[in-house]
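Working notes, structure below.
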Amino acid sequence: MENSNLIRPTASSDEYHAKREIRQQRALVDILQLSFSTVGCSEVMDRVLKATLSASEGSYKGAIFLSQRETEALEFAADWALDEESQRLFSHPSFSSFLSDRAANLDGVAFISGEAVDPRAGVTSFAQRGHYLVPVRGTQGNVLAVMILFPDDGCQDQTIDKHFLDCVAGVLTSLIEQRRTHSAGEATRQELSYIKQALDEHSIVATTNVKGDITYVNDKFCAISGYNREELIGKNHNILNSHHHPKSFFVDMYRTIASGKSWQGEIRNRAKNGSYYWVDTTITPFRDANGKIRQYIAIRSDVTVRKNTQLQLARQTKLLDIMNSVAVAANLATAPSDMEYFCLQKICKFCEWKVGQVFTCIDSTTGQIRSGKNFYFGDDIRFEAFLEASLEKTFQQGEGLIGRVFDEGNPLWVTDVTIDPTFTRSEAAKSSGLKGAAIIPVKVGDEVVAVLEFMSDKEILSGLDELEILSFVTQQMSRTEERARTARELGNHRDHLQDMVNSATKELEDRAVRLAEALATEKEMNELQRQFVAMASHEFRTPLAIIDSTAQRIKSRMDKNKLTPEDMDERLQNIRVAVQRMTKLMESILSTARMEAGMAKLVAAPCDIGRVIQEICEHQQEISPGHNITWSLVGFPETIDAFAGSLEQIFTNLLSNAVKYAPDAPDIDVYGWVENDQVVISLQDQGLGIDEEDIEKIGQRFFRAKTATSIEGTGIGLNLVKTLIEEHGGTLSVESVKGEGSTFTVRLPIGGPVEDHSQVSQLAAASA
Numbered sequence: 003m004e005n006s007n008l009i010r011p012t013a014s015s016d017e018y019h020a021k022r023e024i025r026q027q028r029a030l031v032d033i034l035q036l037s038f039s040t041v042g043c044s045e046v047m048d049r050v051l052k053a054t055l056s057a058s059e060g061s062y063k064g065a066i067f068l069s070q071r072e073t074e075a076l077e078f079a080a081d082w083a084l085d086e087e088s089q090r091l092f093s094h095p096s097f098s099s100f101l102s103d104r105a106a107n108l109d110g111v112a113f114i115s116g117e118a119v120d121p122r123a124g125v126t127s128f129a130q131r132g133h134y135l136v137p138v139r140g141t142q143g144n145v146l147a148v149m150i151l152f153p154d155d156g157c158q159d160q161t162i163d164k165h166f167l168d169c170v171a172g173v174l175t176s177l178i179e180q181r182r183t184h185s186a187g188e189a190t191r192q193e194l195s196y197i198k199q200a201l202d203e204h205s206i207v208a209t210t211n212v213k214g215d216i217t218y219v220n221d222k223f224c225a226i227s228g229y230n231r232e233e234l235i236g237k238n239h240n241i242l243n244s245h246h247h248p249k250s251f252f253v254d255m256y257r258t259i260a261s262g263k264s265w266q267g268e269i270r271n272r273a274k275n276g277s278y279y280w281v282d283t284t285i286t287p288f289r290d291a292n293g294k295i296r297q298y299i300a301i302r303s304d305v306t307v308r309k310n311t312q313l314q315l316a317r318q319t320k321l322l323d324i325m326n327s328v329a330v331a332a333n334l335a336t337a338p339s340d341m342e343y344f345c346l347q348k349i350c351k352f353c354e355w356k357v358g359q360v361f362t363c364i365d366s367t368t369g370q371i372r373s374g375k376n377f378y379f380g381d382d383i384r385f386e387a388f389l390e391a392s393l394e395k396t397f398q399q400g401e402g403l404i405g406r407v408f409d410e411g412n413p414l415w416v417t418d419v420t421i422d423p424t425f426t427r428s429e430a431a432k433s434s435g436l437k438g439a440a441i442i443p444v445k446v447g448d449e450v451v452a453v454l455e456f457m458s459d460k461e462i463l464s465g466l467d468e469l470e471i472l473s474f475v476t477q478q479m480s481r482t483e484e485r486a487r488t489a490r491e492l493g494n495h496r497d498h499l500q501d502m503v504n505s506a507t508k509e510l511e512d513r514a515v516r517l518a519e520a521l522a523t524e525k526e527m528n529e530l531q532r533q534f535v536a537m538a539s540h541e542f543r544t545p546l547a548i549i550d551s552t553a554q555r556i557k558s559r560m561d562k563n564k565l566t567p568e569d570m571d572e573r574l575q576n577i578r579v580a581v582q583r584m585t586k587l588m589e590s591i592l593s594t595a596r597m598e599a600g601m602a603k604l605v606a607a608p609c610d611i612g613r614v615i616q617e618i619c620e621h622q623q624e625i626s627p628g629h630n631i632t633w634s635l636v637g638f639p640e641t642i643d644a645f646a647g648s649l650e651q652i653f654t655n656l657l658s659n660a661v662k663y664a665p666d667a668p669d670i671d672v673y674g675w676v677e678n679d680q681v682v683i684s685l686q687d688q689g690l691g692i693d694e695e696d697i698e699k700i701g702q703r704f705f706r707a708k709t710a711t712s713i714e715g716t717g718i719g720l721n722l723v724k725t726l727i728e729e730h731g732g733t734l735s736v737e738s739v740k741g742e743g744s745t746f747t748v749r750l751p752i753g754g755p756v757e758d759h760s761q762v763s764q765l766a767a768a769s770a
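Under the working numbering, residues 3 to 770 are what the sequence shown spells out, in order.
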């Protein structure tokens with residue numbers, strides 16, 4: 003498990019939505035509390051508008067228009083962050099009339115895009131970006147108010163939840179009608195009806211009396227807890243207690259709400275099926291007319307996904323810290339015993355296990371196994387009996403759980419050791435309150451060198467985190483043991499090692515002498531080769547030029563010779579073919595020499611490789627009428643980046659070889675296609691073929707296959723072809739069967755050579 007990759011969870015869209023719901027929930031609570039305030043209607047509108055916009059993700063402006071009781075006409079009543087232009091527009095009666103008509107035709111909250119705005123609304127910046135219209139209707143369906151919200155400069159997204167705005171409209175209805183109703187009792191009942199409807203749609207809601215008994219839960223509360231209403235009403239919230247939070251947590255919560263203040267926090271509850279869930283909770287106390295607290299309303303949002311993500315991330319971070327510290331301890335330790343207690347403590351605390359021990363083989367002769375000096379007990383007094391039993395007990399391989407792990411080398415996970423007949427300390431475990439066990443081997447290769455035993459007062463789970471830390475720690479202990487063994491072996495063989503070093507030193511010195519001699523020989527061979535190239539250039543080029551010139555003069559004066567024109571022309575043609583062949587041989591030698599010397603560089607440029615191959619095939623067909631050369635280039639790119647002259651030399655060489663080594667097989671096929679980012683060209687003949695043992699040597703300088711000994715050649719051409727292909731960043735491969743022909747396949751990158759080669763021969767001139 004070295005270099006272990008820890009999986010860390012990241013925030014998801016669920017977390018984003020959970021945070022948005024929390025903001026909306028708190029805004030609704032703020033608006034809800036206005037029901038019990040005595041502030042005027044104008045201030046209520048201001049506070050509602052402010053609370054609504056505080057729940058939005060982006061930056062918004064807004065206004066509320068309130069209907070008049072006598073005329074039901076809308077009037078500009080409250081605004082938030084409006085500029086002067088918008089304030090003037092909203093204050094005009096024609097705008098209020100337009101808004102009243104629009105709201106009367108809406109069934110609910112609507113977002114009006116900039117293109118859909120009625121011209122009667124006036125030309126303002128908000129109209130160009132679109133806006134929300136939130137109609138607030140009374141119990142008779144009449145429009146009590148209209149809220150208008152639009153994005154500030156630079157805010158383009160529609161980020162306000164329409165469902166949330168519907169809830170705000172419902173609460174605002176109760177607030178307006180409350181202040182317009184003469185009967186306070188009727189207003190309160192109407193108000194609570196709207197509030198209940200709004201909150202039930204949006205959140206997990208419950209009410210309790212001052213004793214803490216549950217008096218009401220909504221459907222969402224039942225759904226998340228798994229209990230039905232009959233099981234919850236009249237019960238205390240302890241029915242959901244997960245025992246995750248300390249008692250002080252709830253003492254502080256009850257002290258806060260009993261003082262008349264709201265409390266907000268995150269609570270982990272336990273559902274009916276035993277699963278856990280997290281809720282972001284706001285508890286608000288409500289007073290009666292005498293100012294005495296009469297009930298508490300708790301509004302919650304499900305934040306389980308976000309909370310679990312945070313907890314998992316924290317656990318993974320802690321796991322990484324532990325693994326880092328164990329790795330450091332392993333690097334410093336000279337033996338596993340130096341880090342045993344440290345590792346046991348880290349594992350037990352991370353996994354919340356109570357006991358950790360190390361068992362080792364004390365006597366290799368008898369195979370006796372017993373607990374070592376290092377162990378971790380979370381409570382020495384509680385687990386004293388089990389500690390004594392562990393220190394006194396010895397095992398043999400195959401005996402008990404410890405002996406089985408030593409013998410078999412596989413980990414064991416035991417649900418309840420107190421009822422396991424193979425666990426020889428079950429009585430001591432039972433009296434100490436221990437139950438689950440994990441017994442893990444520490445190996446060096448296939449040999450078990452130690453066994454780790456962990457115990458808990460509940461079932462031990464083999465989760466991913468537990469397996470990861472156990473695997474990593476045992477690996478580090480194994481590495482430390484290997485290092486200790488190596489150190490012992492080095493100490494026992496120090497003298498022998500010195501002899502080996504002396505012997506190796508002498509061998510290296512002898513090898514250095516041989517390498518120096520080989521290097522001198524190589525230099526001598528290189529010098530001979532350069533001399534041969536110089537001689538070939540000087541001694542061959544001039545007489546060949548003279549032969550060619552003389553042949554041309556003979557041809558021009560052949561009417562004065564006794565030979566017939568046909569005979570003379572045939573002889574002269576033979577002379578020119580021989581001269582051209584020898585010239586090409588010489589140029590190949592010179593090209594190889596230039597390449598080795600790094601005399602020049604070529605720059606890759608766009609090249610029409612399809613045209614190059616087609617022209618070479620057509621030319622070869624003209625000079626080889628006895629062969630049938632066909633070609634097919636499927637889907638070839640218009641150009642590739644390459645050395646044009648080098649491409650001509652590559653395919654001229656390969657095609658002329660195909661003709662030369664297939665004297666009795668006229669059919670030669672050339673295929674081309676594109677494969678990934680490469681062009682692929684395959685040349686197939688049905689000629690002599692190549693012996694299987696010679697294929698891997700094709701392309702070596704001066705090498706010629708055994709099947710080609712009867713045909714003239716030097717072995718330079720294919721070596722040059724292979725080198726040029728590699729300079730392009732491509733490859734040459736050969737498939738052949740003796741007597742059945744050969745296939746040479748060239749692969750070249752479309753984008754040209756990957757590297758800037760420092761030694762590229764000026765082969766374009768040589769191939770002209």
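Even glycine gets a Cβ: it sits at the ideal position worked out from N, Cα and C.
For T426, no alpha helix (DSSP H) run applies, since DSSP gives it neither H nor E. Remark: C-beta atoms of Q266 and T284 approach each other more closely than 7 Å.
Under a 10 Å Cβ-count criterion, G214 is classified as exposed, with fewer than 16 other Cβ atoms of the shown protein chains found around its own Cβ. Rounded to the nearest whole angstrom, the CA to CA distance from S473 to I226 is 37 Å. Taken atom to atom, the span from the alpha-carbon of D323 to that of L315 is near 12 Å. Here Y134 is buried, its C-beta having at least 16 other C-beta atoms within 10 Å. The alpha-carbon separation between L656 and I625 amounts to approximately 15 Å.
In the three-state reduction of the DSSP assignment, P137 falls in the strand class, which pools E and B. Counting only unbroken stretches of 4 or more residues, the alpha helix (DSSP H) elements lying wholly within the segment 196 to 243 are 221 to 227 and 231 to 234, in sequence order.
In the three-state reduction of the DSSP assignment, I150 falls in the strand class. CA-to-CA, the gap between A664 and G743 works out to about 8 Å. K445 has its alpha-carbon roughly 55 Å from the corresponding atom of V723. Per DSSP, reduced to three states, the secondary structure at D48 is helical. When the Cα atoms are used, E342 and K460 turn out to be separated by approximately 24 Å.
T286 has its alpha-carbon roughly 19 Å from the corresponding atom of V305. As the crow flies, the alpha-carbon of A440 is around 27 Å from that of L334. For L334, the three-state secondary structure derived from DSSP is helix. A direct Cα-to-Cα measurement between N144 and V170 gives close to 17 Å.
Annotation for G402: the continuous alpha helix (DSSP H) segment containing it runs G402 to E410. Exposed is the label assigned to H246, since fewer than 16 other Cβ atoms lie within 10 Å of its Cβ. By a beta-carbon distance limit of 8 Å, G64 does not contact L76. Their separation comes to about 15 Å.
W415 is a Cβ neighbour of S464, given a cutoff of 7 Å. Here A452 is near T362, since their CB atoms are less than 7 Å apart. When only Cα atoms are considered, C224 and R25 end up about 23 Å apart.
Nearest Cα to N630 within the set L649, P668, E617 and I295: P668. Nearest C-alpha to P423 among E401, G435 and A520: E401. In terms of Cα proximity to G293, the closest of A112, S261 and E449 is S261. Beta-bridge pairing by DSSP links L685 to V672 and F746.
Looking at the backbone, the Cα of F638 and that of V681 are separated by about 7 Å. Using a 10 angstroms sphere on the CB of E650, the tally of other CB atoms reaches 16 or more, which defines it as buried.
Bounds of the beta strand (DSSP E) holding F456 are E449 to S458.
By the C-beta density criterion, G731 is buried, having at least 16 other C-beta atoms within 10 angstroms.
In the DSSP annotation of this structure, F97 is not part of any beta strand (DSSP E); the continuous alpha helix (DSSP H) holding it starts and ends at P95 to A106. Taking a 10 Å sphere around the C-beta of K508, we find fewer than 16 other C-beta atoms and assign the residue as exposed. Its chain contains I24, E268, R302, S303 and V305 as the residues whose beta carbon lies nearer than 7 Å to that of D282, once the 5 sequence neighbours on both sides are disregarded; these appear in chain order.
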